[in-house]
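Chains A and B, in that order, are what the protein sequence lines are.
In terms of our numbering, the first sequence has 262 at position 262, counting the first letter as 1, and numbering is strictly consecutive.
In terms of our numbering, the second sequence has 225 at position 225, counting the first letter as 1, and numbering is strictly consecutive.
2 protein chains.
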Amino acid sequence: MGRKRLQESADGRPTVHTVAARAGVSIASASRVLNGVGGSPETVRKVREAAAEVGYVPNAIARSLQSQRTGLVALAVEDIGNPVYVEMMRAIESVVAASGRQLLVHATGGQIANETALLRRLAHRYVDGMIVSPIRVTDDHLAALVDSPVPVVVVGQLPGDAPVDNVRTDSRTGVGLAVDHLVAAGRRRIGFVNGPLDTVPGAARDAGFRAALAGHGIALDERLVEVGDFRYAAGRAATERLLARAEPDALVCANDLIAVGALHALLAAGRRVPEDVAVVGMDDTELARMMFPQLSSVSLGSAERGRRAAELLLQRIADPTLPPRREQVAPSLAVRASSAAASLPAPAPRTPEVTA
Amino acid sequence: MGRKRLQESADGRPTVHTVAARAGVSIASASRVLNGVGGSPETVRKVREAAAEVGYVPNAIARSLQSQRTGLVALAVEDIGNPVYVEMMRAIESVVAASGRQLLVHATGGQIANETALLRRLAHRYVDGMIVSPIRVTDDHLAALVDSPVPVVVVGQLPGDAPVDNVRTDSRTGVGLAVDHLVAAGRRRIGFVNGPLDTVPGAARDAGFRAALAGHGIALDERLVEVGDFRYAAGRAATERLLARAEPDALVCANDLIAVGALHALLAAGRRVPEDVAVVGMDDTELARMMFPQLSSVSLGSAERGRRAAELLLQRIADPTLPPRREQVAPSLAVRASSAAASLPAPAPRTPEVTA
DNA sequence: CAGACTCCCGGAAACGTTTACAGCAGACAG
DNA sequence: CTGTCTGCTGTAAACGTTTCCGGGAGTCTG
Chain A
1 MGRKRLQESA DGRPTVHTVA ARAGVSIASA SRVLNGVGGS PETVRKVREA
51 AAEVGYVPNA IARSLQSQRT GLVALAVEDI GNPVYVEMMR AIESVVAASG
101 RQLLVHATGG QIANETALLR RLAHRYVDGM IVSPIRVTDD HLAALVDSPV
151 PVVVVGQLPG DAPVDNVRTD SRTGVGLAVD HLVAAGRRRI GFVNGPLDTV
201 PGAARDAGFR AALAGHGIAL DERLVEVGDF RYAAGRAATE RLLARAEPDA
251 LVCANDLIAV GALHALLAAG RRVPEDVAVV GMDDTELARM MFPQLSSVSL
301 GSAERGRRAA ELLLQRIADP TLPPRREQVA PSLAVRASSA AASLPAPAPR
351 TPEVTA
Chain B
1 MGRKRLQESA DGRPTVHTVA ARAGVSIASA SRVLNGVGGS PETVRKVREA
51 AAEVGYVPNA IARSLQSQRT GLVALAVEDI GNPVYVEMMR AIESVVAASG
101 RQLLVHATGG QIANETALLR RLAHRYVDGM IVSPIRVTDD HLAALVDSPV
151 PVVVVGQLPG DAPVDNVRTD SRTGVGLAVD HLVAAGRRRI GFVNGPLDTV
201 PGAARDAGFR AALAGHGIAL DERLVEVGDF RYAAGRAATE RLLARAEPDA
251 LVCANDLIAV GALHALLAAG RRVPEDVAVV GMDDTELARM MFPQLSSVSL
301 GSAERGRRAA ELLLQRIADP TLPPRREQVA PSLAVRASSA AASLPAPAPR
351 TPEVTA
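So, in structure tokens, the structure goes:
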């Protein structure tokens, strides 16, 4: 090893020592100049020159060890192919960037071990904070969230009184909006294509669907309910299974990817949308507007949730002693062509209903 | 400051010193036990207990400073809303995960300053390596790539002989495949909806389109060419502008998002696809299969490019002295319903053509 | 029973930075 | 001309971990 001691790093790159030696000053002076604080004009010149000559770049890891912060914030989501997370990410990014930090995204692929591993790894000081949007929550998981060494904000439902900052929506009510709308438009054989029931959103949406139908006095026909996962292909396949055994006049879908799958299955089966079957998705992503006909969709305020989560996180990074907070974003319904009531017969009255 | 010196970290969290003191051993022994190397059964027990009692979690930053590696790999793409990057990311992720590392994604939003900033920040040792897929390349940018302190692999075209690992495709030829297919199916008024011409892929695809038409002896009608950006809304708007002034019988689109926009515009304008207008997209993403009718699309092997890029990166991390390598992935065409030739009149001969 | 060998342990250095502190020179006021 | 103040500078400690190295205790072999 021919390199002079303390002069350059293990892999031969220049360090602040290299620069200081070359400029003929101490490492303290070199560091000060490189950080733009203090230094006589002459010193500044010498250090700048030396740094440029050797191509010095600071080692951020070492800096972070000293300063106790990295300037990085992470977002962990299940599936980055789902546009709802893209919208959430964009909202988070703009808040995070405004604070001078950078956002990194990690896709967990829905594997809970993966997500816990990420928590156990990134949270160990690689990032200044994390936003996590888990679709399944185990005890193990929850424990990792609660005693994370860095601030964590959860987007989504959390059991009970977990002491974690949390931004949620009410997807039960959200499903209700869709059902109300379809009932008001005269639909009675309303089907439901859901994601896995062992996920938090899947369970909530199932409950919401059943409650909404009951609220309208409509008896639920179980043949009109199908389950897949939250992606396109599963949504399409589930809809095909449903169509093979029942004849819905409307479909509520647990997210927009599923709704697109349902739309595809319906059109391929020769059904007209919305004339024969109305379709309502959920999450109100850009994808809903990309379809033809455009999809009605229940907005769960993903951008708003992302924005708020980012703000909560930044506040907690600034002051880790804050008590855990919980915020809620209300759902709303965007009606578009896929459930337009125009061509239907007589619109039904909005008062409580007799069964269809 | 009441904390005992060297016992716990600045923010009150336990360190290896805390654990060692509590277990009554040296920090060296504590560290060894915590890393699972060495230690007598008795020591192991004491350290494990102490660690559990104080809730010790190692500081990854400090570990990285010592070990010179972070176990993290970053991917920087322009727009994470573009499904082509999602597919690329999935391919990269599986390779990276197999090596025991974690992948972090950063969306640059197409702002080149953003991307350069990321390079200048993350590359300063926060990650062990980076994969970058820039759509614009400036000199500044290129410089940042070339003398990055950590290994970098570029997915996409790079000017000349830049000494950077590089996986590219040939989108010129890719556009040619689409044109060949449409010409063979009897289309003659072939339009083109492109992204910005000042991007690397935009320029390449424009050149490819012109070359392909010329190769078939078809004179280019400039009214059949429109430009937007690479996203859905722009693709739709561009197609509307195009339809307002010309009557194409086919549209080649510079990516699938644009193609979806074009499809939407065509259907909204009452054109039948593929009977009146055939549509071919590019990137062959899941989105193409999600449409109705399903979109034909030119695959540029995004998953394959991602996989190869990840492998190049891992190799370079293992041995930074490797010479720069360049790999190429060939494009191919997936024909689907949006350009099916079925219902057209007489298919044209495949020999070089007279003008339409 | 002595010597070599193994195993475990603790001290201390190292990773590359920032920064508290003290020293020193020059400027200025009295 | 002397004393104080200001502004730079360098030494060294600190961030929290891993790991080299030397020493001590125990075990096995000859």
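Built from N, CA and C at the ideal position, the CB exists for glycine as well.
Because the structure is a prediction, the values reported are computed rather than measured.
Chain A contact for residue i (CB, 8 Å cutoff)
i: B:Asn59; result: yes
i: B:Ile135; result: no
i: B:Gln102; result: yes
i: B:Val193; result: no
i: B:His106; result: yes
i: B:Arg336; result: no
i: B:Ser64; result: yes
i: B:Arg223; result: no
i: B:Met88; result: no
i: B:Met290; result: yes
i: B:Asp283; result: no
i: B:Glu93; result: yes
i: B:Arg272; result: no
i: B:Leu242; result: no
i: B:Asp147; result: yes
Neighbourhood of residue i by C-beta, 7 Å cutoff - its chain only, sequence neighbours within 5 removed
i: A:Arg32; result: Gly38 and Gly39
i: A:Asp206; result: Asn194 and Leu197
i: B:Ile27; result: Val16, His17 and Ala20
i: A:Ala144; result: Thr116, Leu119 and Arg120
i: A:Asp229; result: Gly195 and Pro196
Same chain, Cβ closer than 8 Å to residue i, neighbours up to 5 away in sequence not counted
i: A:Arg289; result: Leu295 and Arg336
i: A:Glu49; result: Ala23
i: B:Asp256; result: Pro83, Val84, Gly281, Met282, Asp283, Asp284, Thr285, Leu287, Ala288, Leu295 and Ser297
i: B:Leu312; result: Val153, Asp165, Val167, Arg325 and Glu327
i: B:Ser99; result: Leu314
i: B:Leu182; result: Ile190, Ala250, Val252, Ala278, Val280 and Ser339
Classification of residue i by the beta-carbon crowding that lies within 10 angstroms, buried from 16 upward
i: B:Leu314; result: buried
i: A:Asn59; result: buried
i: A:Arg271; result: buried
i: A:Val77; result: buried
i: A:Ser338; result: buried
i: B:Arg305; result: buried
i: A:Thr138; result: exposed
i: B:Val25; result: buried
i: A:Gln157; result: buried
i: A:Gly174; result: buried
i: A:Val146; result: exposed
i: A:Asp319; result: exposed
Other residues of its chain near residue i: CB distance less than 6 Å, five sequence neighbours each side excluded
i: A:Gly176; result: Gly208 and Ala212
i: B:Arg236; result: Gly261, His264 and Ala265
i: B:Arg101; result: Gly71 and Val73
i: B:Arg136; result: Ile112 and Thr199
i: B:Val91; result: The sequence shown places Ala at residue 91 of chain B, not Val. Ala303, Gly306 and Arg307.
i: B:Ser133; result: Val77, Val155 and Gly156
i: A:Met88; result: Ser302 and Gly306
i: A:Gly81; result: none
Interface flag, residue i vs chain B, CB-CB below 8 Å
i: A:Glu286; result: yes
i: A:Gly174; result: no
i: A:Leu300; result: no
i: A:Gly81; result: yes
i: A:Val260; result: yes
i: A:His141; result: no
i: A:Leu72; result: yes
i: A:Ala214; result: no
i: A:Leu267; result: yes
i: A:Leu34; result: no
Assumed close pair residue i, residue j - CB separation to whole angstroms, cut-off 8 Å
i: B:Ala309; j: B:Ile131; result: 5 Å
i: A:Ser29; j: A:Thr43; result: 6 Å
i: B:Leu243; j: B:Leu224; result: Wrong, their Cβ atoms sit about 10 Å apart, outside the cutoff.
i: B:Val329; j: B:Thr169; result: 5 Å
- For the region 265-340 of chain B, which segments carrying the alpha helix (DSSP H) assignment without a break, of at least 4 residues, lie completely within its bounds, in sequence order? 286-290 and 302-318
- Task: Scan the region 63-141 of chain A and note each continuous beta strand (DSSP E) run of 3 residues or more that stays entirely inside, going in chain order.
- Result: 72-77, 102-107 and 129-132
- Query: Which residue spans inside the region 174-246 of chain B form an unbroken alpha helix (DSSP H) run of at least 4?
  - Reply: 200-215 and 232-245
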